[in-house]
Amino acid sequence: MEQVTAFFDMGGYGLFVWPSFAISAVVLIVLYARSQSRLKSVERELAAAQDGRPRRAGSGAGELSGESLT
Amino acid sequence: MAIDLHKYANPKRFLAITGAIYPWSVGVTVILLAVGLYMSLFVAPPDYQQGDTVRIMYVHVPAAWMGLSIYTMMAISSAIGLIWKHPVADLTAKAAAPIGACFTFLALVTGSLWGQPMWGTYWVWDARLTSMLILLFLYLGYMALWESFDDQGKAAKATSILALVGVINIPIIKFSVDWWNTLHQPASVATMSGPKIHSSILIPLLVMGLAYMSFFVMVLIIRVKAEILQRRLRILRMSELKEH
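Here the protein sequences line up with chains A and B, keeping their order. Straight run, no breaks: the first sequence in my numbering ends on number 70. Straight run, no breaks: the second sequence in my numbering ends on number 314.
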């Protein structure tokens, strides 16, 4: 138990060490989550736009659809 | 309306390659972060002068490295976009900017959290800190400039020029600690005579650096893909408008 307390105390500097690690974690996790959710929403919009459009041979639009790349 | 398929050849190949790399980047990021955090919090010794605040360095220095390298990469990408009109180059720079901004922000905040107990102040207008703050503003200005154009071609051009002009700040940041009398300490890893710090500190630092790099690759792949698909969507909608 004492060891755990000492670990969180960080030699008296816990108030500076832990916020540094915490803010790094929060910023990077939010960045990842927002990037991922933006990709998903663009994928959805693109799929919807392509569904609403009749495919024509050689129009080029068909070439752009139906890929899943991750 | 005829769509120039040649234009998609590159992005398509790009997506295929990055799609294959992505799962690896996730695995490598998770493993390196786990090892790096364990080493920096449990294995690395406290500094004889700084005590446990030295652990802040393990999230501070890699963030600063990434802030600088991502900007350099954006400037190179922008130059490629301007000169060879490579269709993915501009989008890569655009996708990288928010990641670089986050790392730069983290370098500033964690540095400030170390400065208070060690220097006795959260902030000082010394050359290293000020040039790093300018880097953050360059990232934010670059991102704002992309949003201020409707015409994506013009936006790519204007933002590329901004990225290239701003790259002058990178050597200023790097050498600020040698050129001026700063409160910030000079380089101790990337020096001409090799690293000057003990391996018990250097190894966790390098592991965290690699973890951040891998995290960057992972998020960049996601963001570039979103940019490419967004552009397809825009072209698709424009061609529909012209048909109706």
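Beta carbons are placed, not taken as given, at the ideal position from N, Cα and C, and that holds for glycine.
Could you tell me if B/Thr123 is buried or exposed, where buried requires 16 or more neighbouring beta carbons within 10 angstroms of its beta carbon? Sequence index remark: in the second sequence, residue 123 of chain B carries index 53 (1-based). By the neighbour-count rule (16 or more Cβ atoms within 10 Å), B/Thr123 is buried.
Examine the Cβ distances between the segment 251-260 of chain B and the segment 89-101 of chain B and report whether three or more of them are shorter than 8 Å. Under the Cβ criterion (8 Å, minimum of three pairs), the segment 251-260 of chain B does not count as touching the segment 89-101 of chain B.
Answer with buried or exposed for B/Tyr192, where buried requires no fewer than 16 other C-beta atoms within 10 angstroms of its C-beta. Start at 1 with the first residue of the second sequence, and residue 192 of chain B comes out as number 122. Answer is exposed; the Cβ neighbour count stays below 16.
At which residues does the alpha helix (DSSP H) containing B/Gln374 begin and terminate? Outside the shown range of chain B (71 to 314) lies residue 374 of chain B, about which nothing can therefore be said.
Taking Cβ-Cβ distances shorter than 7 Å, what residues in chain B pair up with A/Arg38? Working through the first sequence from its first residue, we reach residue 38 of chain A at position 38. Here the neighbours are Ala296.
Reducing DSSP to helix, strand and coil, say where B/Asn239 ends up. The residue you call residue 239 of chain B lines up with position 169 of the second sequence. Reduced to three states, the DSSP call for B/Asn239 is helix.
Please tell me whether B/Ala145 and B/Ala233 are closer than 8 Å, where the distance is taken between their beta carbons. Taking the second sequence and counting its residues from 1, the one referred to as residue 145 of chain B is at position 75. Taking the second sequence and counting its residues from 1, the one referred to as residue 233 of chain B is at position 163. In terms of Cβ geometry, B/Ala145 and B/Ala233 form a close pair [threshold 8 Å].
Compare the beta carbon distance of B/Trp184 and B/His130 with 8 Å and say whether it is the shorter of the two. One-based indexing of the second sequence puts residue 184 of chain B at position 114. One-based indexing of the second sequence puts residue 130 of chain B at position 60. Closer than 8 Å, so yes.
Once the 5 residues before and after B/Ala197 are set aside, which same chain residues still bring their CB inside 6 Å of it? As a working mapping, residue 197 of chain B is identified with position 127 in the second sequence. Taken in chain order, the residues that qualify are Ser246, Trp250, Thr252.
8 Å Cβ cut-off: residues of chain B touching A/Glu2: Start at 1 with the first residue of the first sequence, and residue 2 of chain A comes out as number 2. Under the 8 Å cutoff, chain B gives no residues; its nearest Cβ is about 16 Å from A/Glu2.
Thinking B/Ala228 and B/Leu215 are a contact (beta carbons under 8 Å), I'd like their distance in whole angstroms, please. As a working mapping, residue 228 of chain B is identified with position 158 in the second sequence. As a working mapping, residue 215 of chain B is identified with position 145 in the second sequence. Contact flag correct, Cβ pair sits at about 6 Å.
Rounded separation between B/Val237 and A/Glu2 - CA only: Within the second sequence, residue 237 of chain B is the residue found at index 167, counting from 1. Within the first sequence, residue 2 of chain A is the residue found at index 2, counting from 1. Those two C-alpha atoms are separated by around 50 Å.
Expressed to the nearest angstrom, what Euclidean distance is found between the alpha-carbon atoms of B/Leu103 and B/Ile305? By one-based count along the second sequence, residue 103 of chain B stands at place 33. By one-based count along the second sequence, residue 305 of chain B stands at place 235. Using only the alpha carbons, I get a separation of about 39 Å.
For the segment 110-126 of chain B, enumerate the residues whose C-beta is nearer than 7 Å to any C-beta of chain A, in chain order. Pro116, Gly121, Asp122, Thr123, Arg125, Ile126
Could you have a look at A/Tyr32 and say whether DSSP puts it in helix, strand or coil? Translated into the one-based positions of the first sequence, residue 32 of chain A becomes position 32. Here A/Tyr32 sits in helix by DSSP.
If B/Leu290 and B/Ile169 are in contact, beta carbons under 8 Å, what's the gap, nearest whole angstrom? As a first step, residue 290 of chain B is located in the second sequence; it is residue number 220 there, counting from the start. As a first step, residue 169 of chain B is located in the second sequence; it is residue number 99 there, counting from the start. Right, their Cβ atoms sit about 6 Å apart.
Is there a Cβ from chain A that is less than 8 Å from the Cβ of B/Leu178? In the second sequence, the residue the question calls residue 178 of chain B occupies position 108. No, no contact with chain A.
Does DSSP put A/Met10 in a helix, a strand or coil? For the purposes of this step, residue 10 of chain A is identified with residue 10 of the first sequence, where counting begins at 1. The answer is helix: DSSP assigns A/Met10 an H, G or I state.
Using a beta-carbon distance below 8 Å, is B/Trp94 in contact with chain A? By one-based count along the second sequence, residue 94 of chain B stands at place 24. Interface criterion not met: the Cβ of B/Trp94 is under 8 Å from no Cβ in chain A.
If the cut-off is 8 Å on Cβ atoms, which residues from the segment 153-171 of chain B count as contacting chain A, listed in chain order? Pro168, Ile169
When you compare only the Cα positions, how much space is there between A/Pro19 and B/Leu176? Walking along the first sequence from the start, residue 19 of chain A turns up at place 19. Walking along the second sequence from the start, residue 176 of chain B turns up at place 106. A/Pro19 and B/Leu176: Cα-Cα distance of roughly 11 Å.
Any C-beta of chain A sitting closer than 8 Å to the C-beta of B/Pro315? It is not possible to answer for residue 315 of chain B, since the shown part of chain B is limited to 71 through 314.
For B/Pro81 and B/Pro157, which I take to be in contact (beta-carbon distance under 8 Å), what is that distance rounded to the nearest angstrom? Mapped onto the second sequence, residue 81 of chain B falls at position 11. Mapped onto the second sequence, residue 157 of chain B falls at position 87. Contact check for B/Pro81 and B/Pro157: beta-carbon distance about 6 Å, within the 8 Å limit, so the pair qualifies.
Relative to chain A, which residues along the segment 127-146 of chain B have a C-beta separation below 8 Å, given in chain order? Those would be Val129, His130, Ala133, in chain order.
Distance check for B/Thr142 and A/Thr5, CA to CA, integer angstroms please. Locating residue 5 of chain A in the first sequence gives position 5, where the first residue counts as 1. Locating residue 142 of chain B in the second sequence gives position 72, where the first residue counts as 1. Distance between the alpha carbons of A/Thr5 and B/Thr142 is about 42 Å.
Give the residues from the segment 276-306 of chain B that approach chain A closer than 7 Å (Cβ to any Cβ), ordered along the chain. Phe285, Val289, Ile292, Arg293, Lys295, Ala296, Leu299, Gln300, Arg302, Leu303, Leu306
Could you confirm whether any beta carbon from chain A is found closer than 8 Å to the beta carbon of B/Leu183? Position 113 of the second sequence, counted from the first residue, corresponds to residue 183 of chain B. Answer yes: the Cβ-Cβ gap between B/Leu183 and chain A drops below 8 Å somewhere.
To which residues of the same chain is B/Leu272 closer than 8 Å at the C-beta, ignoring the five residues directly before and after it? In the second sequence, counting from the first residue as 1, residue 272 of chain B sits at position 202. Result list for B/Leu272: Val259, Pro265, in chain order.
With 8 Å as the threshold, decide whether the Cβ of A/Phe16 is near any Cβ in chain B. For this step, residue 16 of chain A is matched to residue 16 along the first sequence. Cβ-Cβ to chain B under 8 Å: yes for A/Phe16.
Beta-carbon within less than 6 Å of B/Val333's beta-carbon, same chain only, minus the 5 sequence neighbours each way: which residues are those? Lying outside 71 to 314, the shown extent of chain B, residue 333 of chain B is not represented and no answer is given.
Hey, B/Arg302 and A/Leu46 are a contact pair by Cβ (cut 8 Å); roughly how many whole angstroms apart? Within the second sequence, numbered from 1, the residue matching residue 302 of chain B stands at position 232. Within the first sequence, numbered from 1, the residue matching residue 46 of chain A stands at position 46. Rounded, the Cβ-Cβ distance is 6 Å, consistent with contact.
Count the other CB atoms, across all protein chains shown, that sit within 10 Å of the CB of B/Gly223; report buried if there are 16 or more and exposed otherwise. Position 153 of the second sequence, counting from 1, holds the residue named residue 223 of chain B. By the 10 Å Cβ count, B/Gly223 comes out exposed.
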